[in-house]
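Asks: Chains as they are written, first to last, in our numbering: chain A, 1 to 459; chain B, 460 to 580. A virtual CB, placed ideally from N, CA and C, is assigned to each residue, including glycine. Below you'll find the structure I mean.
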């Protein structure tokens, strides 16, 4: 494993040096990858899906190596065959940004303990899920997931089933965060490119609200069939909150999200380094929040770095191997841009966001939509123009990218972490396939089809 | 033979060596969560875990965890639902939740599972 890390680091240093030397040629257009270079990505997805089911022992011990080897294949191809270090560096910067946000929210929320002494009823659960969906727009889907998953499990401890966790992932880890750029990373990328902060709220709430309500109704119906009538326990109804220091760290993370040269012009860019001031603050929070957290709270939360390590390893492989897939998709989207309507943008962005990381997928389809109207994604004024003149297209891409992250465990960072925390609490969560076939396809696809029919069909 | 209650009150420690855990009381084990493994299959054919009751201790083998101290991190514990030998397994009140915390020198702290820690039966 150490050897593998060393190889990875050597390659990264090589890319950084290479990119620094050739920074001037950053804008150079690179050759498209061969289609077969999608194979490492497909292989990684297949192994993530089948590993825990069919070769659990091998997978649990070797998934970091598998992710790294497949990632290295793609990296070597880009360096040796395409001579394209820019795409790699760009992806590495996105990965660092992704993991900095996830890790800092994970550690800071691990220092907060919420105890809700209420009887678990379908209505209480609906209220908690709705609350989580709303605050996902203030502290991000990751922050809301990490903060609420433990109290949610605790409230439901006497009757918890897999669907409780699945609906939590649907509503709090994904769909909830569609109203602000803080909610989900793709929207933040859109914000950095020139879309107004409140655009998503203004143009998204009337899609978000019925979708959330519809899913809550479905949840309520399912949950109502799983009620314990003779629960002798006495509940005080009290809500206990511990770990105010960690709340302060959460606030630092949220403020740091905006510390970006694209938002605040005087913030220095550290280019060609693949990291900015924002990421440095977030990594500092990881260290400080962990060292400064109350030991009793960490113990009660059974704080462990393993869930974030799992995400870090798997997603370094996913980020690296998905580069060819994303570039090929972007190319096709540009070629076909003329023929694509808002509905196609919704389904394409959505379905691909379920399997690829939704942030770059969002940018690629945003770029394709811009191209369709003769606009340039690198010009903030023109992105702003799209958000005013072609609202439906931007809605379709934004809603698709955020909502469909709930389709699989790998659709969004917090999905995996919620799964891991649930398992550590003794809850059997659905496998990759069971999640897909028992929940995502039968519940989400019809709901998303209704969204398409009402808002995007024929648009 | 010590009872579970005595072990908890007197803070008697268990032992672990590699994948083998030795508890100083005799119990039937219903469910274990170690790391992110949820274990309910303790049959002789299980490749994950196996336990055996001896005259005055219970030994468990976690085949997947060759070094328990390394696998269970600082703020984590091994969580277990056990039923003391002689107690009625079908009376849910006899299902006891305990926490095992591996420390240095192969010692294992045994305690009642803290109410704050979530462990779903």
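1) Taking Cβ-Cβ distances below 9 Å as the criterion, which residues of the region 282-315 of chain A are in contact with chain B?
2) Which residues, in chain order, does the region 552-570 of chain B contribute to contact with chain A at a C-beta distance below 9 Å?
3) Can you pull the chain B neighbours of residue 423/A, defined as C-beta to C-beta under 7 Å?
4) Taking C-beta pairs closer than 8 Å, name the residues in chain B that residue 426/A reaches, listed in chain order.
5) Along chain A, in chain order, which residues have C-beta atoms closer than 8 Å to that of residue 573/B?
6) DSSP has residue 479/B in a bridge; who is on the other side?
7) From the DSSP output, which residues share a beta bridge with residue 560/B?
8) Can you pull the chain D residues whose beta carbon is under 8 Å from the beta carbon of residue 160/A, in chain order?
9) On a Cα-Cα basis, can you pick out the residue from 574/B, 569/B, 556/B, 508/B that is closest to residue 465/B?
10) What would DSSP say about residue 541/B, mapped onto helix, strand or coil?
11) Where does residue 468/B sit, in a helix, a strand or coil, going by DSSP?
12) For chain B, find out if any of its Cβ atoms is closer than 8 Å to the Cβ of residue 39/A; answer yes or no.
13) Which same chain residues end up closer than 6 Å to residue 499/B when comparing Cβ atoms and leaving out the 5 residues on each side of it in sequence?
14) Ignoring anything shorter than 3 residues or poking outside the region 91-119 of chain A, list the beta strand (DSSP E) runs there in chain order.
15) If I follow the unbroken alpha helix (DSSP H) through residue 288/A, where does it start and stop?
16) Run down chain A in chain order and give the residues with a C-beta less than 7 Å from the C-beta of residue 534/B.
17) Looking only at its own chain, which residues have a Cβ that is under 8 Å from the Cβ of residue 168/A, when we skip the five neighbours before and after it?
18) Against residue 193/A, what residues of chain B qualify as contacts under a CB-to-CB distance less than 8 Å, listed in chain order?
19) Using alpha carbons as the reference points, say which of 528/B, 548/B, 572/B lies closest to residue 564/B.
20) If distances are taken between C-alpha atoms only, which option among 221/A, 279/A, 44/A comes closest to residue 104/A?
21) Looking only at C-alpha atoms, which of 522/B, 542/B, 516/B sits nearest to residue 473/B?
22) What is the residue span of the alpha helix (DSSP H) that residue 333/A lies within?
23) With a threshold of 8 Å, are at least 3 pairs of Cβ atoms found where one atom belongs to the region 198-215 of chain A and the other to the region 109-128 of chain A?
24) In chain B, which residues lie with their C-beta within 9 Å of the C-beta of residue 153/A?
25) Which residue marks the beginning of the alpha helix (DSSP H) containing residue 222/A, and which one marks its end?
26) Compare the C-beta of residue 113/A against all C-beta atoms of chain B and say whether one is closer than 8 Å.
27) If I measure Cβ to Cβ from residue 350/A and keep anything under 6 Å in the same chain, skipping five residues before and after, which residues do I get?
28) Using 8 Å as the cut-off, can you tell me whether the region 304-322 of chain A makes contact with the region 70-79 of chain A, which would need three or more C-beta pairs spanning the two stretches below that distance?
29) Contact check, residue 449/A vs residue 392/A under 8 Å by CB: the rounded distance?
30) Give a yes or no on whether 8 Å exceeds the smallest Cβ distance from residue 420/A to chain B.
31) Per the contact definition of three or more C-beta pairs closer than 8 Å, is the region 274-291 of chain A in contact with the region 82-99 of chain A?
32) Which of helix, strand or coil does DSSP assign to residue 511/B?
33) Any Cβ of chain A within less than 8 Å of the Cβ of residue 523/B?
Replies: According to the data block:
1) For the region 282-315 of chain A, the residues whose beta carbon sits under 9 Å from a beta carbon of chain B are, in order, 295, 296, 297, 298, 299, 300, 301, 302, 303, 304, 305, 306, 307, 310.
2) Taking 9 Å as the cut-off between beta carbons, none of the residues of the region 552-570 of chain B comes near chain A.
3) Locating residue 423/A in the first chain gives position 423, where the first residue counts as 1. Chain B residues near residue 423/A: 495, 497.
4) Walking along the first chain from the start, residue 426/A turns up at place 426. Those within 8 Å of residue 426/A in chain B are 490, 492, 497, 538, 577, 578, 579, 580.
5) Residue mapping note: residue 573/B aligns to position 114 of the second chain, counting from 1. Within chain A, the residues 299, 300 have their CB atoms less than 8 Å from the CB of residue 573/B, given in chain order.
6) For the purposes of this step, residue 479/B is identified with residue 20 of the second chain, where counting begins at 1. Answer by DSSP bridge pairing, in chain order: 476/B, 520/B.
7) Here residue 560/B refers to the residue found at position 101 when the second chain is read from its first residue. Its beta-bridge partners are 568/B.
8) No chain D is present in this structure, whose protein chains are A and B.
9) In the second chain, residue 465/B corresponds to position 6, counting from 1. If we check each option's Cα against that of residue 465/B, 569/B comes out closest.
10) Sequence index remark: in the second chain, residue 541/B carries index 82 (1-based). Residue 541/B: strand per DSSP, three-state reduction.
11) Taking the first residue of the second chain as 1, we reach residue 468/B at position 9. If DSSP states are grouped into helix, strand and coil, residue 468/B belongs with the helices.
12) Residue numbering aside, residue 39/A sits at position 39 when the first chain is read from its first letter. No, no contact with chain B.
13) Taking the second chain and counting its residues from 1, the one referred to as residue 499/B is at position 40. The residues are 490.
14) If we require 3 residues or more, the beta strand (DSSP E) runs fully inside the region 91-119 of chain A come out as 113-116.
15) Stepping through the first chain from its first residue, residue 288/A is reached at position 288. From DSSP, the alpha helix (DSSP H) with residue 288/A extends over 277-292.
16) Sequence index remark: in the second chain, residue 534/B carries index 75 (1-based). Here the neighbours are 298, 299, 302, 303, 304.
17) Mapped onto the first chain, residue 168/A falls at position 168. Result list for residue 168/A: 129, 132, 145, 148, 149, 152, 418, in chain order.
18) Here residue 193/A is taken as the residue at index 193 of the first chain, counted from 1. Ordered by position in chain B, no residue passes the 8 Å Cβ test against residue 193/A, which lies about 38 Å from the chain.
19) Within the second chain, numbered from 1, the residue matching residue 564/B stands at position 105. Nearest of 528/B, 548/B, 572/B to residue 564/B, Cα basis: 528/B.
20) Against the first chain, residue 104/A aligns to sequence position 104. When only C-alpha atoms are compared, the closest one is 279/A.
21) Here the question's residue 473/B lines up with position 14 in the second chain. Comparing Cα-Cα distances from residue 473/B to each of 522/B, 542/B, 516/B, the minimum goes to 516/B.
22) For the purposes of this step, residue 333/A is taken as residue 333 along the first chain, with counting starting at 1. Boundaries of the alpha helix (DSSP H) harbouring residue 333/A: 306-336, taken from the DSSP string.
23) Per the Cβ contact rule, the region 198-215 of chain A is not in contact with the region 109-128 of chain A (fewer than 3 Cβ pairs under 8 Å).
24) Here residue 153/A corresponds to residue number 153 of the first chain, with the count starting at 1. Per Cβ cutoff of 9 Å: 577, 579.
25) Taking the first residue of the first chain as 1, we reach residue 222/A at position 222. Annotation for residue 222/A: the continuous alpha helix (DSSP H) segment containing it runs 199-224.
26) Your numbering for residue 113/A matches position 113 in the first chain. With 8 Å as the cut-off, residue 113/A counts as an interface residue toward chain B.
27) Residue numbering aside, residue 350/A sits at position 350 when the first chain is read from its first letter. Excluding its 5 nearest sequence neighbours in each direction, residue 350/A has C-beta neighbours in its own chain below 6 Å: 400, 404, listed in chain order.
28) At 8 Å Cβ cutoff, the stretches touch.
29) Numbered from its first residue, the first chain carries residue 449/A at position 449. Numbered from its first residue, the first chain carries residue 392/A at position 392. The Cβ separation is near 17 Å, so there is no contact.
30) Position 420 of the first chain holds residue 420/A. Interface with chain B (8 Å Cβ-Cβ cutoff): residue 420/A is included.
31) The region 82-99 of chain A vs the region 274-291 of chain A: in contact.
32) As a working mapping, residue 511/B is identified with position 52 in the second chain. Look at residue 511/B here: in three-state DSSP terms it is strand.
33) What you label residue 523/B is simply residue 64 of the second chain in a count that begins at 1. Chain A, which has a Cβ nearer than 8 Å to the Cβ of residue 523/B, makes this yes.
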